[in-house]
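These notes are about the structure you will find just below.
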Amino acid sequence: MRLINIVGHSNTGKTTLIIRLIPQLSALGRVASLKQLGCHSFTLPKGKDTTLHFEAGADCATGIDSEKAVIAVNGADLFSILDYYHWLGIEYVVIEGFKEHHLPCAVLGDFETEYAVLQNPSAEEIVDNLHLFREYVPTRT
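Under numbering that gives the first Met the number 0, residues 0 to 140 are what the sequence shown spells out, in order.
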(Lines of atoms letter the chains of each structure in order from A; the text may use other names.)
(Lines give C-alpha, C1' and ligand atoms only; values in the text may rest on other atoms or scores of the structure.)
Protein backbone atom coordinates (compact mmCIF):
# COMPACT_ATOMS: atom_id res chain seq x y z
CA MET A 0 0.00 0.00 0.00
CA ARG A 1 1.55 3.29 -1.13
CA LEU A 2 1.23 6.39 1.11
CA ILE A 3 1.01 9.68 -0.77
CA ASN A 4 1.26 12.47 1.80
CA ILE A 5 0.37 16.01 0.72
CA VAL A 6 1.52 18.83 3.00
CA GLY A 7 1.60 22.61 2.97
CA HIS A 8 0.28 25.65 4.75
CA SER A 9 -3.44 26.49 4.68
CA ASN A 10 -4.86 27.63 1.34
CA THR A 11 -2.02 26.24 -0.80
CA GLY A 12 -4.29 23.92 -2.82
CA LYS A 13 -3.85 20.63 -1.00
CA THR A 14 -7.51 19.61 -1.25
CA THR A 15 -7.73 20.75 -4.88
CA LEU A 16 -4.70 18.61 -5.73
CA ILE A 17 -6.09 15.63 -3.83
CA ILE A 18 -9.45 15.70 -5.62
CA ARG A 19 -7.55 15.72 -8.94
CA LEU A 20 -5.21 12.95 -7.78
CA ILE A 21 -7.78 10.46 -6.45
CA PRO A 22 -9.44 9.70 -9.82
CA GLN A 23 -6.02 9.12 -11.42
CA LEU A 24 -5.00 6.74 -8.65
CA SER A 25 -8.41 5.03 -8.81
CA ALA A 26 -7.58 4.05 -12.38
CA LEU A 27 -4.59 2.13 -10.95
CA GLY A 28 -6.23 0.48 -7.91
CA ARG A 29 -8.24 0.95 -4.73
CA VAL A 30 -7.79 4.37 -3.09
CA ALA A 31 -8.53 5.72 0.39
CA SER A 32 -7.96 9.16 1.82
CA LEU A 33 -6.97 10.24 5.29
CA LYS A 34 -7.13 13.83 6.53
CA GLN A 35 -5.54 15.19 9.67
CA LEU A 36 -8.19 17.49 11.09
CA GLY A 37 -5.71 19.70 12.91
CA CYS A 38 -7.24 22.26 15.22
CA HIS A 39 -10.86 21.35 14.59
CA SER A 40 -12.63 18.17 15.59
CA PHE A 41 -15.12 16.09 13.62
CA THR A 42 -18.47 16.17 15.37
CA LEU A 43 -20.84 13.24 15.38
CA PRO A 44 -24.53 14.25 15.16
CA LYS A 45 -25.92 14.77 18.67
CA GLY A 46 -28.46 12.25 19.88
CA LYS A 47 -28.25 9.93 16.86
CA ASP A 48 -28.05 6.19 17.51
CA THR A 49 -24.56 5.71 16.05
CA THR A 50 -23.30 8.64 18.13
CA LEU A 51 -24.89 7.16 21.26
CA HIS A 52 -23.22 3.80 20.54
CA PHE A 53 -19.86 5.57 20.20
CA GLU A 54 -20.40 7.64 23.35
CA ALA A 55 -21.33 4.48 25.25
CA GLY A 56 -17.81 3.22 24.61
CA ALA A 57 -17.95 1.14 21.43
CA ASP A 58 -14.46 0.73 19.99
CA CYS A 59 -15.99 1.32 16.58
CA ALA A 60 -19.47 2.58 15.65
CA THR A 61 -20.71 2.50 12.06
CA GLY A 62 -23.70 4.11 10.41
CA ILE A 63 -24.76 2.80 7.00
CA ASP A 64 -27.24 4.41 4.63
CA SER A 65 -28.14 3.51 1.05
CA GLU A 66 -24.97 5.12 -0.38
CA LYS A 67 -22.16 5.05 2.18
CA ALA A 68 -20.93 4.02 5.61
CA VAL A 69 -19.48 6.34 8.23
CA ILE A 70 -17.19 4.77 10.81
CA ALA A 71 -16.14 6.38 14.10
CA VAL A 72 -13.19 4.68 15.78
CA ASN A 73 -12.39 5.34 19.43
CA GLY A 74 -8.75 6.22 20.12
CA ALA A 75 -7.65 5.92 16.49
CA ASP A 76 -4.17 6.89 15.41
CA LEU A 77 -2.64 7.13 11.95
CA PHE A 78 -1.13 3.66 11.98
CA SER A 79 -4.22 1.82 13.25
CA ILE A 80 -6.21 3.37 10.38
CA LEU A 81 -3.46 2.49 7.89
CA ASP A 82 -3.53 -1.10 9.17
CA TYR A 83 -7.30 -1.14 8.63
CA TYR A 84 -6.95 0.26 5.09
CA HIS A 85 -4.33 -2.39 4.34
CA TRP A 86 -6.69 -5.11 5.59
CA LEU A 87 -9.38 -3.71 3.25
CA GLY A 88 -7.06 -4.13 0.27
CA ILE A 89 -6.46 -0.44 -0.34
CA GLU A 90 -3.51 0.13 -2.69
CA TYR A 91 -3.07 3.91 -2.40
CA VAL A 92 -3.72 6.17 0.59
CA VAL A 93 -3.77 9.89 -0.06
CA ILE A 94 -2.93 11.62 3.21
CA GLU A 95 -3.36 15.30 3.97
CA GLY A 96 -1.23 16.41 6.88
CA PHE A 97 0.49 14.29 9.54
CA LYS A 98 3.73 16.24 9.10
CA GLU A 99 4.99 14.97 12.47
CA HIS A 100 5.23 11.39 11.15
CA HIS A 101 8.03 12.26 8.71
CA LEU A 102 6.52 10.53 5.69
CA PRO A 103 7.88 11.31 2.24
CA CYS A 104 5.57 14.04 0.94
CA ALA A 105 4.55 16.28 -1.89
CA VAL A 106 4.86 19.85 -0.64
CA LEU A 107 2.64 22.70 -1.78
CA GLY A 108 3.59 26.33 -1.37
CA ASP A 109 6.65 27.37 0.60
CA PHE A 110 6.32 24.84 3.44
CA GLU A 111 9.75 23.45 4.31
CA THR A 112 10.48 19.87 5.31
CA GLU A 113 13.39 17.52 4.77
CA TYR A 114 10.86 14.81 3.78
CA ALA A 115 9.77 16.54 0.55
CA VAL A 116 10.06 14.32 -2.51
CA LEU A 117 8.12 16.65 -4.85
CA GLN A 118 7.59 20.42 -4.71
CA ASN A 119 4.32 21.94 -6.03
CA PRO A 120 3.54 18.91 -8.22
CA SER A 121 0.53 18.28 -10.42
CA ALA A 122 -1.56 15.15 -9.90
CA GLU A 123 0.09 13.70 -13.02
CA GLU A 124 3.58 14.30 -11.61
CA ILE A 125 2.63 12.47 -8.42
CA VAL A 126 1.30 9.48 -10.36
CA ASP A 127 4.47 9.44 -12.48
CA ASN A 128 6.60 9.40 -9.31
CA LEU A 129 4.72 7.02 -7.02
CA HIS A 130 7.98 5.16 -6.34
CA LEU A 131 9.15 8.18 -4.28
CA PHE A 132 6.43 7.63 -1.68
CA ARG A 133 6.55 5.13 1.17
CA GLU A 134 5.25 1.61 0.75
CA TYR A 135 3.40 0.81 3.98
CA VAL A 136 3.78 -2.48 5.82
CA PRO A 137 1.21 -3.06 8.59
CA THR A 138 2.44 -2.77 12.15
CA ARG A 139 -0.09 -5.35 13.38
CA THR A 140 -1.22 -8.65 11.94
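From the three backbone atoms N, C-alpha and C, an ideal C-beta is built for every residue, glycine too.
Being a predicted model, the structure only gives us computed values, none of them experimental.
Contact belief for Ala105 with Leu87 at Cβ below 8 Å, rounded distance in angstroms | Here the question's residue 105 lines up with position 106 in the sequence shown. Here the question's residue 87 lines up with position 88 in the sequence shown. Not quite, the Cβ-Cβ distance comes to about 24 Å (not below 8 Å), so this is no contact.
Within 10 angstroms of its Cβ, does Pro44 collect 16 or more other Cβ (buried), or is it exposed?
-> Along the sequence shown, one-based indexing puts residue 44 at 45. So Pro44 counts as exposed.
Starting from Arg1 and walking both ways along the beta strand (DSSP E), at which residues does that stretch end?
-> Position 2 of the sequence shown, counted from the first residue, corresponds to residue 1. Where Arg1 is concerned, the enclosing beta strand (DSSP E) stretches over 1 to 7.
Beta-ladder partner(s) of Glu111, from DSSP = Reading the sequence shown from its first residue, position 112 is the one you call residue 111. In the DSSP assignment, Glu111 forms no beta bridge with any residue.
On the DSSP bridge assignment, give the partners of Lys34 in chain order.
-> Position 35 of the sequence shown holds residue 34. In DSSP, Lys34 forms a bridge with Glu95.
In terms of residue numbering, what span does the alpha helix (DSSP H) encompassing Ala26 cover?
-> Position 27 of the sequence shown, counting from 1, holds the residue named residue 26. Per DSSP, Ala26 belongs to no alpha helix (DSSP H) and is neither H nor E.
Proximity of Tyr91 and His101 at Cβ, strictly below 8 Å = Within the sequence shown, the letter at position 92 stands for residue 91. Within the sequence shown, the letter at position 102 stands for residue 101. No, Cβ-Cβ distance for Tyr91 and His101 is not below 8 Å.
Quick one: residues in its chain with C-beta nearer than 6 Å to the C-beta of Phe97, no 5 flanking neighbours on either side, listed in chain order?
-> Translated into positions along the sequence shown, residue 97 becomes position 98. Gln35, Leu77.
State the start and end residues of the unbroken beta strand (DSSP E) segment that holds Ile63.
-> Taking the sequence shown and counting its residues from 1, the one referred to as residue 63 is at position 64. Per DSSP, Ile63 is one residue of the beta strand (DSSP E) stretching across 59 to 63.
Short Cβ contact (8 Å threshold) for Arg1 with Glu111 = Numbered from its first residue, the sequence shown carries residue 1 at position 2. Numbered from its first residue, the sequence shown carries residue 111 at position 112. In this structure, Glu111 does not lie closer than 8 Å to Arg1 by Cβ.
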